[in-house]
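Q: Numbering (the working numbering), first residue to last: 20 to 120.
Attaching a single structure in structure tokens format; questions to follow.
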Amino acid sequence: MTLTPYASSPVFDEQSLPEKLRNEHRTKDGAWGLLRVLTGEVRLIFTEPHREILVTPDNPASIAPMATHYVVPLGKMSLQVEFYRAEPVLDDVATSEPTDG
């Protein structure tokens with residue numbers, strides 16, 4: 020079963036990415052996020068427990084409800100966040116693995 024997002028953010032680039040997303044924040048209770056990088060790459064950093072994921076066009080990352088996190092652009096990039104009421108299933112993409120950091 021393919022889930023449909025109930026909302027999506029605008030597309031942001033390295034200059035328009037809001038400070039709110041660059042600083043610690045969290046999704047609402049019951050809201051799953053799916054970070055999709057359209058071009059370039061970003062580092063998605065979860066704070067507790069600390070975990071870093073390199074997010075690329077081929078490697079989107081899900082964000083659990085209430086998970087504190089922030090985004091660090093790595094050069095030129097564009098991204099969009101989709102919001103779901105259940106955990107999005109990532110078909111035909113690599114799974115997000117933590118990186119040493």
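Where is the CB? At the ideal position from N, CA and C, for every residue including glycine.
Please state whether DSSP places L57 in a helix, a strand or coil.
A: Here residue 57 refers to the residue found at position 38 when the sequence shown is read from its first residue. Correct three-state label for L57: strand.
Q: Quick check: the Cα distance between L36 and S81, rounded to an integer number of angstroms?
A: Numbered from its first residue, the sequence shown carries residue 36 at position 17. Numbered from its first residue, the sequence shown carries residue 81 at position 62. Computed Cα separation, rounded: 18 Å.
Q: If you reduce the DSSP assignment to three classes, tell me which class L109 lands in.
A: Taking the sequence shown and counting its residues from 1, the one referred to as residue 109 is at position 90. The answer is coil: DSSP assigns L109 none of H, G, I, E or B.
Q: Please classify F41: does DSSP put it in a helix, a strand, or coil?
A: Here residue 41 corresponds to residue number 22 of the sequence shown, with the count starting at 1. The sequence given here places Arg at residue 41; Phe does not occur at that position. R41 falls in the helix class under three-state DSSP.
Q: Roughly how many angstroms lie between the CA atoms of V90 and V108, to the nearest whole one?
A: Indexing the sequence shown from 1 puts residue 90 at position 71. Indexing the sequence shown from 1 puts residue 108 at position 89. Answer to the nearest angstrom: the Cα atoms are 21 Å apart.
Q: Helix or strand or just coil, what does DSSP make of T118?
A: Translated into positions along the sequence shown, residue 118 becomes position 99. Per-residue confidence for T118 stands at a pLDDT of 42, beneath the threshold of 50, marking its modelled position as unreliable; no derived number is given.
Q: Which term fits D119, buried or exposed, when burial requires 16 or more other beta carbons within 10 angstroms of its beta carbon?
A: Residue 119 sits at position 100 when you count from the first residue of the sequence shown. Note that D119 scores 44 on pLDDT, short of 50, meaning its location in the model is unreliable and no value can be drawn from it.
Q: Could you compute how far the alpha carbon of L93 sits from the alpha carbon of L73?
A: Here residue 93 is taken as the residue at index 74 of the sequence shown, counted from 1. Here residue 73 is taken as the residue at index 54 of the sequence shown, counted from 1. So the two alpha carbons sit approximately 9 Å from each other.
Q: Among all the DSSP beta bridges, which residues are the ones paired with D32?
A: Here residue 32 corresponds to residue number 13 of the sequence shown, with the count starting at 1. Answer is S97.
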